[in-house]
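Taking it in order: structure first as structure tokens, then the write-up.
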Amino acid sequence: MTRRKRKHRGDIDGLGKPAPVYLADVFVGRSLLHGIAAEIEHLANDVARMQDEGYAREVNGTQVRELLGLAAGLLRLDAPLTACDCTADELDCPRCQGTRWITSREYRKTLEPTPVA
Numbered sequence: 146m147t148r149r150k151r152k153h154r155g156d157i158d159g160l161g162k163p164a165p166v167y168l169a170d171v172f173v174g175r176s177l178l179h180g181i182a183a184e185i186e187h188l189a190n191d192v193a194r195m196q197d198e199g200y201a202r203e204v205n206g207t208q209v210r211e212l213l214g215l216a217a218g219l220l221r222l223d224a225p226l227t228a229c230d231c232t233a234d235e236l237d238c239p240r241c242q243g244t245r246w247i248t249s250r251e252y253r254k255t256l257e258p259t260p261v262a
């Protein structure tokens, strides 16, 4: 089964915004991680198609697909998403820990409503 090759870009972040030049390698890496996640999802689909074959009768396809889906989801959730809004000298930034980029997981925290005391 052939897979479509993707171009790995470092000029666009996960929100579709232009990525800062100093983070280009990070966002190329993001694209690579998302490509791996897509390959894992293809594997999960391959397992689903094999379920009716005799050689796969002992394979718990539901569990395998669930675990592969979890792995793909974790890769996407923890891959770089966008540049952090901290300054270059903030090595102790609580959002990015000095990397100057944040993940989807960290970004989602900023979208959650702050509890009222």
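So in our numbering the end of the sequence shown lands on 262, straight run, no missing numbers.
We put the beta carbon where it would ideally sit given N, CA and C, even for glycine.
Since the structure is predicted, the reported quantities are computational estimates derived from the model, not experimental observations.
{"Check": "Quick one: which unbroken alpha helix (DSSP H) runs of 4-plus residues sit fully inside the region 152–208? Chain order, please.", "Outcome": "169–195"}
{"Check": "Is it buried or exposed for Met146, if we count other Cβ within 10 angstroms and need 16 for buried?", "Outcome": "Only weak support exists for where Met146 lies, its pLDDT of 45 falling under 50; the value from the coordinates is given anyway. Exposed is the call here."}
{"Check": "For Ile247, count the other beta carbons within 10 Å of its own beta carbon; 16 or more makes it buried, fewer makes it exposed. Which is it?", "Outcome": "buried"}
{"Check": "Could you check if Pro225 is buried or exposed, using at least 16 other CB atoms within 10 Å of its CB as the buried criterion?", "Outcome": "buried"}
{"Check": "With a threshold of 16 other CB atoms inside 10 Å of the CB of Lys162, please say whether the residue is buried or exposed.", "Outcome": "exposed"}
{"Check": "Which residues in the same chain have their Cβ closer than 8 Å to the Cβ of Asp156, if we skip the five residues on either side of it in sequence?", "Outcome": "Pro163, Ala164, Ala169 and Phe172"}
{"Check": "Exposed or buried, Arg253, counting other C-beta atoms within 10 Å across all chains shown (16 or more means buried)?", "Outcome": "exposed"}
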